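Student: Residue numbering for the sequence shown follows the working numbering, beginning at 9 and increasing consecutively.
Note that the Cβ used here is the ideal one computed from N, Cα and C, for glycine as well.
Bear in mind the structure is a predicted one, so any value in this text is a computation, not a measurement.
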Amino acid sequence: MNDLKSKILEVLATILTPNGKNMVSADIIRALSISHGDVSFVIEVEGSEVSAFSEIIKKAKKEINEIDGVSDVSIVLTSHVKERKSVQSSPPKLTIGGHPKVQKEANVVEGIDRIIAIASGKGGVGKSTLSSNLAVALSRKGRQVGLLDADIYGPSQPRMMGVSTRPSSPDGKTIIPIQAHGVTMMSIGLMLEEDQAVVWRGPMLMGALQQMLGQVKWGKLDILIVDLPPGTGDVQLTLAQKTKVTGAIIISTPQDIALLDARKALNMFAKTKTPILGMVENMSTYICPACGNEADLFGSDGVKKEAAKQNLPFLGQIPLDLNIRLSSDNGEPLALSDSSAASAYMALAEKLILGNMA
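1. When you compare the CB positions of G129 and G197, do they come within less than 8 angstroms of one another, or not?
2. Beta-carbon separation of I231 and I124 under 8 angstroms?
3. So A158 and A273 are supposed to be a Cβ contact under 8 angstroms. How far apart are they, rounded?
4. Can you name the residues that DSSP bridges to E52?
5. Might you give, ordered along the chain, the residues of its own chain that have their beta carbon closer than 7 angstroms to the beta carbon of A349, omitting 5 neighbours on each side?
6. Would you mind working out which of I284, S139, I186 and G131 sits nearest Q318, comparing C-alpha positions?
7. Is the CB-CB distance between S147 and V117 below 8 angstroms?
8. Nearest to R174 by CA position, among P185, G132, L334 and P237, is which residue?
9. Which residues in the same chain as T182 place their Cβ atom closer than 6 angstroms to its Cβ, once the five residues preceding and following it in sequence are excluded?
10. With H, G and I counted as helix, E and B as strand and the rest as coil, what does DSSP make of D35?
11. Sort A143, L360, L247 and G77 by Cα distance to N115 and report the nearest one.
12. Inspect the CB distances between the region 149-163 and the region 260-272 and report whether three or more fall short of 8 angstroms.
13. Rank V50, A68 and N73 by C-alpha distance to the C-alpha of L85 and give the top, closest one.
14. Taking Q187 as the reference, give the member of A216, L229, K149 and Y353 with the closest Cα.
15. Can you tell me which of I23, E57 and E52 puts its alpha carbon nearest to the alpha carbon of I72?
16. Pick helix, strand or coil for Q152, following the three-state DSSP scheme.
17. Quick check: the region 57-69 against the region 14-33, are at least 3 beta-carbon pairs closer than 8 angstroms?
18. Tell me, to the nearest whole angstrom, how far the beta carbon of T282 is from that of G255; I am working on the premise that it is less than 8 angstroms.
19. For V110, does the three-state DSSP call read helix, strand or coil?
20. Secondary structure at D157, three-state DSSP: helix, strand or coil?
21. Considering A352, what are the terminal residues of the beta strand (DSSP E) in which it resides?
22. Return the first residue and the last residue of the beta strand (DSSP E) that T251 is part of.
23. Which term fits I65, buried or exposed, when burial requires 16 or more other beta carbons within 10 angstroms of its beta carbon?
24. Excluding sequence positions up to five away, which residues of its chain have a Cβ less than 8 angstroms from the Cβ of I83?
25. By DSSP, does M276 sit in helix, in strand, or in coil?
26. Does the beta-carbon distance from K135 to D242 come in below 8 angstroms?
27. Tell me the DSSP bridge mates of P122?
28. Does E289 come out as helix, strand or coil in the three-state DSSP assignment?
29. The alpha helix (DSSP H) with S335 in it runs from where to where?
30. Suppose the cutoff is 7 angstroms on Cβ atoms and the five residues either side in sequence are ignored; what does the same chain contact list for R151 look like?
31. Start and end of the alpha helix (DSSP H) containing Q165?
32. What is the rounded straight-line gap between the Cα of M220 and the Cα of C299?
33. Rounded C-beta distance between M194 and L156? I'm assuming under 8 angstroms.
34. Return yes when at least one heavy atom of the ligand NAP lies under 7 angstroms from the C-beta of I183, else no.
35. What does the Cβ neighbour count give for G45, buried or exposed, with the cut at 16 atoms within 10 Å?
In structure tokens, the structure reads:
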């Protein structure tokens, strides 16, 4: 353990929690990260204890800031519901095909006109790439745009948007998001080292998502793009049930194996009564930069046909282009350029605007 981390833990060990234990012995510190003097960590407490931690967080920030070598402190408070212990040793009964409960009054995020979720049901089909480039394209079209990286386990937007600055929290309650390429953005990845794993249970994931929606000072936005993780789990359900979502865009490659999971995402949003704005086909075609030959590596028009089958709008096709990958790795979304591949993102943004979806 490095000296600075030891000093921080020593300070936290002097601060008492409501149950009489110090912050270290109470085992409430998660994801402690130190980078160039910037300190960040998460405090996980039970829901009933949240209000009691306001002054504790202020004290922790003040005392950690006084440590030599510390330039900034960011603390995120998240809560979970305490699990009831059961005397029964038998496993819980699971009902396959059960319907998630829809919250009657979903929360409206103040200052945000529309919230669009980018989903697929499957990993590796281009959700994050579409999210960052669509956000930039909408910004270039004159919209005030926010980008929320909701992929807690695998946040990639900091790299794709070329951001490493840690968000600040001057009052210990609200979080100030980061500005990049004309987009207001937030990601849990900005609070951690780039290669640091997030090892959280479902309640912590849900708490972190709700914090990033409700405690981030987003300001006035025309649209917030939410980059969802793969699958149909806790994050997707929390967003759909507890936030007023304008609609979801489903992205998939043309191949059958990807469309299988895209249908699962469609089914989940149908169960939570979340509107589907349309489907996007990614990696639709590949043009060899050397010879100009065009090939349908993952099939042809698979998403377009699926959209027609589901009676959903088909929003467009994104090519498999080397420059998309290079620009993402370099933190400069391709939609910032005027290349032919970038025009696909601009066309999608234009279609959403004309359809009053953005």
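Tutor: The short version:
1. Taking the sequence shown and counting its residues from 1, the one referred to as residue 129 is at position 121. Taking the sequence shown and counting its residues from 1, the one referred to as residue 197 is at position 189. With respect to G197, G129 sits apart: the two C-beta atoms are not nearer than 8 angstroms.
2. As a working mapping, residue 231 is identified with position 223 in the sequence shown. As a working mapping, residue 124 is identified with position 116 in the sequence shown. It is a contact, given that the beta carbons lie within the stated cut-off.
3. Walking along the sequence shown from the start, residue 158 turns up at place 150. Walking along the sequence shown from the start, residue 273 turns up at place 265. Approximately 14 angstroms separates the beta-carbon atoms of A158 and A273; this is outside 8 angstroms, ruling out the contact.
4. As a first step, residue 52 must be located in the sequence shown, where it is residue number 44. Its beta-bridge partners are T86.
5. The sequence position of residue 349 within the sequence shown is 341, counting from 1. Excluding the 5 residues flanking it on each side, A349 has same chain C-beta neighbours closer than 7 angstroms at P327, D329, N331, I332 and L342, in chain order.
6. Stepping through the sequence shown from its first residue, residue 318 is reached at position 310. Q318 has its Cα closest to that of I284, out of I284, S139, I186 and G131.
7. On the sequence shown, position 139 is the one that residue 147 refers to. On the sequence shown, position 109 is the one that residue 117 refers to. Not a contact, by the Cβ cut-off of 8 angstroms.
8. Working through the sequence shown from its first residue, we reach residue 174 at position 166. Of the candidates P185, G132, L334 and P237, the residue whose Cα lies closest to the Cα of R174 is P185.
9. The residue labelled residue 182 in the question sits at position 174 within the sequence shown. Excluding residues within five positions, the ones whose Cβ falls inside 6 angstroms are Q223 and K225.
10. Position 27 of the sequence shown, counted from the start, is the residue given in the question as residue 35. Coil, per DSSP.
11. Indexing the sequence shown from 1 puts residue 115 at position 107. It is L247.
12. Flag = no, the region 149-163 and the region 260-272 do not touch.
13. Position 77 of the sequence shown, counted from the first residue, corresponds to residue 85. Relative to L85, the option among V50, A68 and N73 whose CA is nearest is V50.
14. Looking up residue 187 in the sequence shown gives position 179. The shortest Cα separation from Q187 among A216, L229, K149 and Y353 belongs to L229.
15. Counting from 1 along the sequence shown, the entry for residue 72 is found at position 64. The shortest C-alpha separation from I72 is found at I23.
16. Locating residue 152 in the sequence shown gives position 144, counting from the first residue. Under the three-state reduction of DSSP, Q152 is assigned to coil, being neither helix nor strand.
17. The region 14-33 makes contact with the region 57-69: 3 or more CB pairs, one atom from each, lie closer than 8 angstroms.
18. One-based indexing of the sequence shown puts residue 282 at position 274. One-based indexing of the sequence shown puts residue 255 at position 247. Between T282 and G255, the beta carbon gap of about 7 angstroms places them in contact (Cβ cut-off 8 angstroms).
19. Taking the sequence shown and counting its residues from 1, the one referred to as residue 110 is at position 102. Because V110 sits at a pLDDT of 41, beneath the cut-off of 50, its placement in the model cannot be relied upon, and the point is left open.
20. If you number the sequence shown from 1, residue 157 lands on position 149. Strand.
21. Your numbering for residue 352 matches position 344 in the sequence shown. Taken as a continuous stretch (DSSP letters only), A352 belongs to no beta strand (DSSP E), being part of the alpha helix (DSSP H) at S348 to L362.
22. Position 243 of the sequence shown holds residue 251. Looking at the DSSP string, T251 is not in any beta strand (DSSP E), and its letter there is neither H nor E.
23. Start at 1 with the first residue of the sequence shown, and residue 65 comes out as number 57. Answer is buried; the Cβ neighbour count reaches 16.
24. Here residue 83 is taken as the residue at index 75 of the sequence shown, counted from 1. Correct list, in chain order: S48, F49, V50, I51, I65, A68, K69, S177 and G180.
25. Position 268 of the sequence shown holds residue 276. Residue state, collapsed to three classes: helix.
26. Numbered from 1 along the sequence shown, position 127 holds the residue referred to as residue 135. Numbered from 1 along the sequence shown, position 234 holds the residue referred to as residue 242. No, the pair does not count as a contact, with Cβ atoms beyond the cut-off.
27. For the purposes of this step, residue 122 is taken as the residue at position 114 of the sequence shown. In the sequence as presented, Pro is not what sits at residue 122; that position holds Arg. For R122, which the question treats as bridged, DSSP gives the partners I231.
28. Translated into positions along the sequence shown, residue 289 becomes position 281. Residue state, collapsed to three classes: strand.
29. Residue numbering aside, residue 335 sits at position 327 when the sequence shown is read from its first letter. It spans L330 to D337 - the alpha helix (DSSP H) in which S335 sits, taken as one unbroken run.
30. For the purposes of this step, residue 151 is taken as the residue at position 143 of the sequence shown. Cβ neighbours of R151 beyond the five flanking positions: D230, I231 and A366.
31. Counted from its first residue, the sequence shown places residue 165 at position 157. Start and end: Q165 to M168.
32. The count along the sequence shown starts at 1 and reaches residue 220 at position 212. The count along the sequence shown starts at 1 and reaches residue 299 at position 291. Going by the C-alpha atoms only, they are around 46 angstroms apart.
33. Walking along the sequence shown from the start, residue 194 turns up at place 186. Walking along the sequence shown from the start, residue 156 turns up at place 148. Indeed, because the Cβ distance is near 6 angstroms, the residues count as touching under 8 angstroms.
34. Judged by which ligands are present, the structure shown has none, so any question about the ligand NAP falls away.
35. The sequence position of residue 45 within the sequence shown is 37, counting from 1. Exposed.
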